[in-house]
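Inspection log for the structure reproduced underneath, given as structure tokens.
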Amino acid sequence: MAKWTPRHEAPEPLEGPVVATVTGLTILWFVLFLVQLPFYGWFDDHGHTWWLWTCLAGGGLGLIGIWYVRRREAAIKRAAEKDLTVTPQAD
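Its first residue numbered 1, the sequence shown is counted upward by one per residue in UniProt numbering.
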């Protein structure tokens, strides 16, 4: 078991424009679905309709992701504001 024990601390997670990234990728999934929709007959004839439904599922899961990351950022901002308003008491 010691073989699998980490030898150093994990790095801090990278922060970036998470909401914009998730929103952009969600839009991309929906665009891919809409672009493929006119070719439904071809996809159906060749057994590839799962491509369409994968794009639609990606867009739907992306909507859940947008909701999640927006709430996460709001919680991070609330925690940061709370930390700024709490002042240590002098003894």
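Idealized CB from N, CA, C, for every residue including glycine.
- From the listed residues 21, 8, 15, 32, the smallest Cα separation to residue 65 is found for 21.
- Boundaries of the alpha helix (DSSP H) harbouring residue 67: 49-85, taken from the DSSP string.
- Straight across, the Cα-Cα distance linking residue 82 with residue 73 is about 14 Å.
- Nearest C-alpha to residue 57 among 4, 5, 67, 32: 32.
- One thing to note: residue 59 has its Cβ within 8 Å of the Cβ of residue 26.
- In this structure, the CA atom of residue 8 is about 52 Å from the CA atom of residue 44.
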